[in-house]
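Here's the structure we're looking at; comments come further down.
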Amino acid sequence: MIQLLLHKKLHTAKGMMPLDIDLAITPGEFVTLYGASGAGKTSTLRMISGLLTPDNGKLVVNDVVWLDTSKKTNLKPQQRKLGFVFQDYALFPNMSVLKNLEYALEKHQDNSIITELIDMMELGELQHQKPSTLSGGQQQRVALARALVQQPEILLLDEPLSALDTKMRIKLQDYILKVHQKYKLTTILVSHNIGEIIKLSDRVCLLEQGKIIKSGIPSTIFATHQMSAKFQFTGEVLSIQKEEVVFIVTVLIGTNVVKVIAQESEIANLTTGDTVIVASKAFNPVIQKVL
Amino acid sequence: MNTLTGQISTIEVNGSLALITTRVNDVFFTAIIVETPETASYLKLGATIKVLFKETEVIIATQTPEYLSLQNKVIGQVTQVDKGVLLSKLVINTSVGDIVSVITTKAVNQLGLTKGNHVTAMIKTNEILLSE
């Protein structure tokens, strides 16, 4: 069990904000923190990692006390068994992929883990290249592999895929799920992408003004209301186009582009980039076998 | 989306399908859905519920026909006609509020629909969505 009790007065662009996090996580759980910028998501991850110290709080990971301000216990970041992946890949530019991974090894650590990670993350052909020759998605795969070298108990992911295009993002999501399951990690993700959250997480916590205001199964949390529509998808608005008396809204769902006819009232507060639920009754779609 | 609010007056269940009647003022709307009171907590007799249907699913007749399979019929008066080249939008004032229908301009012309006409708006049972 991972118990988090973190309090800290944060100085934000909008003034002072008290961060107040009380969260219990089951080992092996995939939890996502979701909320507006400045809600305290990244600060929470930084406090778990030890990069930021709370004013008072407690952090117990599988019976090991990482932090207890009342007893002045505070493990250094390198003493905490965790991996951290950021949005920017933060790889050493002068080292090859292999060297970047080896650099993360602890003293006397068996380097068989490197071979295993290179294999699992399919980095074999890239291992002698420098980061600058790799695509964003490839660099993030290296960053993910590097975060796992020391075989952490907790994996922290701070918007790791937000700089990637949709296709690459979906591929990386699969890698994240794969390592989460294979290494029985407890993963804490910060993400703004609802589709991604629904796909990856067991639980999502909604953060507002430094507090968790709601938490639960993603598909339930993000459904604004219950609806008798059995054909439901979450997507991103790509464009809205007026045609005669109707509007054609183009929506990206996963890697598929769909179009929905809408009325003016429905698009009134809709803009490109918005996340939407596209719904239809189970009676409408036709189904055909692909030969 | 046409959105009306009413109360559930009957629930008929068979397997995982349910036929739900919702009363909106003096009009009853019937919806067939792949949900039952067991799978959807909002399906309760007397519960307030939203009845939703797309404008493009609203059929227009100039009389109330008795020989059609359509279960949902609402009479009203056309208050607005916006004609496009291929599609037209009609606003119909009814006892359940304004209902918008999008049909072809050809159909509007064939029926000679203009502002002030009395019409019947009709929606198929499987086109009606229910929502909390």
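Note that the protein sequences, when read in sequence, are chains D and F.
Counting in the working numbering, the first sequence runs from 1 upward without gaps.
Counting in the working numbering, the second sequence runs from 1001 upward without gaps.
Cβ coordinates follow ideal geometry from the N, Cα and C atoms, glycine included.
Please check if any C-beta of chain D sits within less than 8 Å of the C-beta of residue i.
i	result
residue 1119 (chain F)	no
residue 1082 (chain F)	yes
residue 1129 (chain F)	yes
residue 1091 (chain F)	no
residue 1085 (chain F)	yes
residue 1033 (chain F)	yes
residue 1025 (chain F)	no
residue 1005 (chain F)	no
residue 1055 (chain F)	yes
residue 1016 (chain F)	no
residue 1132 (chain F)	yes
residue 1088 (chain F)	yes
residue 1109 (chain F)	no
residue 1122 (chain F)	no
residue 1072 (chain F)	no
residue 1047 (chain F)	no
residue 1067 (chain F)	no
residue 1013 (chain F)	no
residue 1058 (chain F)	no
residue 1100 (chain F)	yes
residue 1040 (chain F)	yes
Within the 8 Å Cβ cut-off, does residue i reach chain F?
i	result
residue 268 (chain D)	no
residue 120 (chain D)	no
residue 230 (chain D)	yes
residue 106 (chain D)	no
residue 261 (chain D)	yes
residue 226 (chain D)	yes
residue 214 (chain D)	no
residue 283 (chain D)	yes
residue 179 (chain D)	no
residue 276 (chain D)	no
residue 258 (chain D)	no
residue 245 (chain D)	yes
For residue i, collect the residues of the same chain with a Cβ closer than 7 Å to its Cβ; drop the 5 residues on either side in sequence, then sort them by chain order.
i	result
residue 54 (chain D)	6, 7, 8, 47 and 69
residue 77 (chain D)	49, 50 and 51
residue 1115 (chain F)	1078, 1079, 1080 and 1081
residue 28 (chain D)	184 and 186
residue 175 (chain D)	121, 141 and 144
On the three-state DSSP scale, how would you describe residue i?
i	result
residue 1119 (chain F)	strand
residue 63 (chain D)	coil
residue 1054 (chain F)	coil
residue 264 (chain D)	helix
residue 1127 (chain F)	helix
residue 1096 (chain F)	coil
residue 119 (chain D)	helix
residue 8 (chain D)	strand
residue 1108 (chain F)	helix
residue 222 (chain D)	helix
residue 100 (chain D)	helix
residue 70 (chain D)	helix
residue 295 (chain D)	Outside the displayed span of chain D (1 to 291) sits residue 295 (chain D), for which this structure offers no information.
residue 1084 (chain F)	coil
residue 1069 (chain F)	coil
residue 1042 (chain F)	coil
residue 301 (chain D)	Since the displayed chain D opens at 1 and closes at 291, residue 301 (chain D) lies outside it and no answer follows.
residue 81 (chain D)	coil
residue 210 (chain D)	coil
residue 19 (chain D)	strand
My understanding is that residue i touches residue j, with C-beta atoms under 8 Å, so please give their C-beta distance in whole angstroms.
i	j	result
residue 61 (chain D)	residue 125 (chain D)	Contact flag wrong, Cβ pair sits at about 36 Å.
residue 251 (chain D)	residue 260 (chain D)	6 Å
residue 19 (chain D)	residue 188 (chain D)	Contact doesn't hold; Cβ gap of about 15 Å is too wide.
residue 1090 (chain F)	residue 1060 (chain F)	7 Å
On a CA-only basis, which of the options is nearest residue i? Give me that one, please.
i	options	result
residue 84 (chain D)	D:106, D:202, D:150 and D:118	D:150
residue 115 (chain D)	D:280, D:106 and D:101	D:101
residue 158 (chain D)	D:29, D:33 and D:288	D:33
residue 170 (chain D)	D:82, D:130, D:196 and D:281	D:196
residue 190 (chain D)	D:288, D:243 and D:86	D:86
residue 31 (chain D)	D:104, D:269, D:215 and D:230	D:215
residue 239 (chain D)	D:258, D:221, D:96 and D:35	D:258
residue 167 (chain D)	D:231, D:256, D:23 and D:91	D:256
residue 3 (chain D)	D:42, D:67 and D:108	D:67
residue 131 (chain D)	D:113, D:156, D:99 and D:108	D:99
residue 244 (chain D)	F:1015, F:1131 and F:1104	F:1104
residue 296 (chain D)	D:291, D:162, D:229 and D:241	Residue 296 (chain D) falls outside the range modelled here, since chain D spans only 1 to 291, and no answer is possible.
residue 96 (chain D)	D:180, D:128, D:206 and D:199	D:128
residue 1062 (chain F)	F:1119, F:1034 and F:1127	F:1119
Residues in the same chain with beta-carbon distance under 6 Å from residue i, minus the five sequence neighbours each way, listed in chain order, please.
i	result
residue 1129 (chain F)	1052
residue 204 (chain D)	32, 34, 197, 218 and 221
residue 58 (chain D)	5 and 68
residue 74 (chain D)	67
residue 164 (chain D)	136 and 137
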